[in-house]
Amino acid sequence: MIVSDKMQQGYEYELSAPAGQAFAPDFTPDLTPKEMLELGVFEGHYLNDCRAEFPADWFENAKISSAAPDVTKNRFQIKSRMSLPEWRKRGWILAPDPRGWFQWYCRYYIGRRLPEIDAIQIRRWKAFKRHKAQVEQNCLPADLSCRRRQRQALLQWAYNPFV
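The sequence shown begins at -9 in this note's numbering and counts up one residue at a time.
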């Protein structure tokens, strides 16, 4: 795969696993990238300039905002993310994925494997599970108005936000 988009030009990687399969045993996301995009993540403005890198069907029913980030494209209609500069400042952006965790997950999902980076990102994903426990402990079942920001964040980390 050769990448050429706004944030990355000339980056190349190989797909060494079948798409959606051969995940690390401790990485069991609830949602696929396609499902996340359809439900509404990152204000619809995350992968707009790099669609060619990923399966076209991911974008058929995706909630996309081409002009600018649009909070109404998020499933819970609430902003639940920090800016990319803030992610960089905190050391959360790892080469070779300049867009962060979701870009890593999309590439991992389609079959790219980078053992060192994968281990770090899977650790980060597992640590995020604490938010699911907080929603479960503090919200009545099916009360989707409870902790909407955390639910949106769960969705953006491939966890089921409808707990």
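C-beta: ideal position from N, C-alpha, C; glycine also.
Item to complete: Assess, as a yes-or-no matter, whether the stretch 97 to 113 is touched by the stretch 31 to 40 under the definition of 3 or more beta carbon pairs within less than 8 Å.
Response: Short answer: they don't touch.
Item to complete: Spatial neighbours of residue 63 within its chain, please: CB distance less than 6 Å, with the 5 preceding and 5 following residues excluded, ordered by chain position.
Response: Locating residue 63 in the sequence shown gives position 73, counting from the first residue. Closer than 6 Å at the Cβ level, and outside the excluded window around residue 63, lie 30, 33, 34, 53 and 55.
Practice prompt. With a 10 Å radius around its C-beta and 16 neighbouring C-beta atoms as the bar for buried, classify residue 90 as buried or exposed.
Written response: As a working note, residue 90 is residue 100 in the sequence shown. Buried is the call here.
Item to complete: Confirm, please, whether the CB-CB distance from residue 138 to residue 66 is below 8 Å.
Response: Taking the sequence shown and counting its residues from 1, the one referred to as residue 66 is at position 76. Taking the sequence shown and counting its residues from 1, the one referred to as residue 138 is at position 148. Taking 8 Å as the Cβ cut-off, residue 66 and residue 138 qualify as a contacting pair.
Worksheet item: How about residue 78 and residue 5: do their beta carbons lie closer than 8 Å?
Response: Within the sequence shown, numbered from 1, the residue matching residue 78 stands at position 88. Within the sequence shown, numbered from 1, the residue matching residue 5 stands at position 15. Not closer than 8 Å, so no.
Worksheet entry | Length of the line joining the Cα atoms of residue 121 and residue 18 | Residue numbering aside, residue 121 sits at position 131 when the sequence shown is read from its first letter. Residue numbering aside, residue 18 sits at position 28 when the sequence shown is read from its first letter. Spanning the two alpha carbons is a distance of roughly 16 Å.
Worksheet item: Quick one: is residue 8 buried, meaning 16 or more other Cβ sit within 10 Å of its Cβ, or exposed?
Response: For the purposes of this step, residue 8 is taken as residue 18 along the sequence shown, with counting starting at 1. Exposed, since its Cβ has fewer than 16 Cβ neighbours within 10 Å.
Worksheet item: For residue 146 versus residue 70, is the C-beta spacing smaller than 8 Å?
Response: Numbered from its first residue, the sequence shown carries residue 146 at position 156. Numbered from its first residue, the sequence shown carries residue 70 at position 80. At a Cβ-Cβ threshold of 8 Å, residue 146 and residue 70 count as neighbours.
Fill in: Where the beta strand (DSSP E) through residue 1 begins and ends
If you number the sequence shown from 1, residue 1 lands on position 11. Per DSSP, the unbroken beta strand (DSSP E) holding residue 1 starts and ends at -2 to 2.
Item to complete: Report yes if the CB atom of residue 148 is closer than 8 Å to the CB atom of residue 95, and no otherwise.
Response: One-based indexing of the sequence shown puts residue 148 at position 158. One-based indexing of the sequence shown puts residue 95 at position 105. Closer than 8 Å, so yes.
Worksheet item: Secondary structure at residue 161, three-state DSSP: helix, strand or coil?
Response: For residue 161 there is no data in the structure shown, the boundaries of the chain being -9 and 153.
Fill in: Nonlocal neighbours in the same chain, by C-beta distance under 8 Å from residue 21, ignoring five residues either side
As a first step, residue 21 must be located in the sequence shown, where it is residue number 31. The residues are 29, 145, 148, 149 and 150.
Worksheet item: Quick one, which of 84, 75, 93 and 60 has its alpha-carbon nearest residue 41's?
Response: Counting from one through the sequence shown, the residue named residue 41 turns up at place 51. For the residues 84, 75, 93 and 60, the minimum Cα distance to residue 41 belongs to 93.
Discussion item. Using C-beta distances below 6 Å, list every residue in its chain close to residue 3, excluding the 5 sequence neighbours before and after it, in chain order.
Written reply: Within the sequence shown, numbered from 1, the residue matching residue 3 stands at position 13. Counting only Cβ-Cβ distances below 6 Å, and skipping sequence neighbours, we find -9 and 102.
Worksheet item: Residues bridged to residue -6 by DSSP?
Response: As a first step, residue -6 is located in the sequence shown; it is residue number 4 there, counting from the start. Note: residue -6 sits in a beta bridge opposite -1.
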